[in-house]
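Visitor: If you use mature numbering (1 follows the signal peptide of the UniProt record, and there is no 0), the sequence shown corresponds to residues -28 to -1, 1 to 80, in order.
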Amino acid sequence: MGSQMGCLFATLLVVSVSLSYLPLEASANKYYYTSPPPPKYKSPPPPPPVHNSPPPPPVYLPPPPPPPVYVPAPAPTPISYSPPPPVPKSPPPPHPYVYASPPPPYYY
């Protein structure tokens, strides 16, 4: 690892020293970037517009549904308390007949 760093340092030192001996303006002119020369021919005019087709018809969007109409709920019918109708009373059951034993025979 140390030898690689030493080699890299030596290479950078050699390059920087050799570049320092070059005349500054010569190197600057040599590597100066210039924009490309303008073209010598005139660019052709844009083509004439082709027959314009009519714009597409607007997309039909159905109207949104109307908001629901608020219908108030009917008022609840008041609960009136009425007593239950009277239950008709059934007649009392007939009294069970008590059959008396026949009278004893009468002897004269």
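In this text, a Cβ means the ideal position worked out from N, Cα and C, and glycines have one as well.
Helix, strand or coil: how does DSSP classify V(-14) here?
Guide: Here V(-14) sits in helix by DSSP.
Visitor: Express the C-alpha separation of K61 and I51 in angstroms, rounding to a whole number.
Guide: Using only the alpha carbons, I get a separation of about 28 Å.
Visitor: Can you tell me whether DSSP reads S(-26) as helix, strand or coil?
Guide: The answer is helix: DSSP assigns S(-26) an H, G or I state.
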